[in-house]
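Working notes, beginning with the structure itself.
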DNA sequence: CGAACTGTTGAACAACTGCTCATATGTTCA
DNA sequence: TGAACATATGAGCAGTTGTTCAACAGTTCG
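Chains as they are written, first to last, in the working numbering: chain A, -11 to 109; chain B, -11 to 109.
This is the structure in structure tokens:
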């Protein structure tokens, strides 16, 4: 064996700190999933959809009208939100109603709002 | 005047719902800023940086070593995080130490983790 | 069944993102 | 001052993302 762990080409200035933090870091898989989740909140169209659904269950047409966008684009975004299990569909005849599928959406928004509103004063 | 509000080409299935939700929707500016904020959490490199900084103040070299990435890419990401005021730099000689600049980062992560961990069982 | 309507899907494309590489800035110390 | 080091930055490029357009699928009702 050569060296214990090949870190990177650069000098590690504080080896102990790096090791200590490394111990506590969650699995990369978890952090990847976390990033995937927040990616859903990282687009204003999806943010507006999620915000709207906090108020009321809505169909694709309603959301498209509310946001002034095409039904197709809304449907595409709803699919992404469905796959991340942030929203869930409920079919009633021709219409598909969407609603939030996660109690934490509200909490995530609340925390984000605190940051945004502080910075906007 | 032609029609009250030109919504979109599609039929509005539930006009009252749409109007009610529209009343409560925050300004587009706020929702845009919110999306910009969450965009920072929507990349695994940045997520790992923010997670690491929850544990300890670190310099660019340390973070690069921890994550096994180039100092340049870390520096680029730190700039983005700085601009969103999620991290702040502290210069000490040649070294620049970064730390969290927002008490809400922890809360946002906590909410996100709840979602991710539930879905991973 | 077939027309009308709601929603979904795939391809195409322009815009954006994150990394690398080369270079520049800022600090220390001999 | 100049060499060495830590970090920052800009250009370039491949990969990703969000929208549009056209076509398709599921439901209702005459």
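Quick reminder that beta carbons are idealized off the backbone N, C-alpha and C, glycines included.
Quick caveat: nothing in here was measured; it's all calculated off a predicted structure.
- Query: Who are the Cβ neighbours of residue 34 of chain B in its own chain at under 6 Å, not counting the five residues just before and after it?
  - Reply: Correct list, in chain order: 28 and 65.
- Message: Can you check whether the C-beta of residue 22 of chain A is within less than 7 Å of a C-beta belonging to chain B?
- Response: yes
- Compare the C-alpha of residue 31 of chain B against each of A:40, A:17 and A:43 and name the closest. The shortest C-alpha separation from residue 31 of chain B is found at A:17.
- Query: In three-state DSSP terms, what is residue 46 of chain A?
  - Reply: strand
- Query: If you pair each beta-carbon of the region -1 to 7 of chain B with each one of the region 38 to 50 of chain A, do three or more pairs fall below 8 Å?
  - Reply: yes
- Closest Cβ-Cβ distance between residue 19 of chain B and chain A: below 7 Å? Yes, residue 19 of chain B counts as interfacial toward chain A.
- Candidates A:6, A:25 and A:10, of which the one nearest residue 105 of chain B by Cα: A:25
- Task: Taking residue 36 of chain A and residue 55 of chain A to be in contact with their CB atoms under 8 Å, please state how far apart those CB atoms are, rounded to whole angstroms.
- Result: 6 Å
- Where residue 15 of chain B falls: helix, strand or coil (DSSP): coil
- Give, in chain order, every residue of the region 54 to 72 of chain A whose Cβ lies closer than 9 Å to some Cβ of chain B. Residues 54, 55, 56, 57, 58, 59 and 72.
- Message: Using 8 Å as the cut-off, can you tell me whether the region 83 to 96 of chain B makes contact with the region 68 to 88 of chain A, which would need three or more C-beta pairs spanning the two stretches below that distance?
- Response: Judged by Cβ distances under 8 Å, the region 83 to 96 of chain B makes no contact with the region 68 to 88 of chain A, as fewer than three pairs qualify.
- Rounded straight-line distance, which links the Cα of residue 52 of chain B to that of residue 81 of chain B: 19 Å
- Given a cut-off of 7 Å, decide if residue 48 of chain B and residue 60 of chain B are closer than it, judged by their beta-carbon atoms. Cβ atoms of residue 60 of chain B and residue 48 of chain B: not closer than 7 Å.
- At 4 residues or longer, and completely inside the region 28 to 99 of chain B: list those alpha helix (DSSP H) runs for me, N to C. Those alpha helix (DSSP H) runs which fall completely within the region 28 to 99 of chain B and span 4+ residues are 32 to 43, 48 to 55 and 59 to 71.
- Message: Does any residue of chain B have a CB that is nearer than 7 Å to the CB of residue 94 of chain A?
- Response: Among the CB atoms of chain B, none fall inside 7 Å of the CB of residue 94 of chain A.
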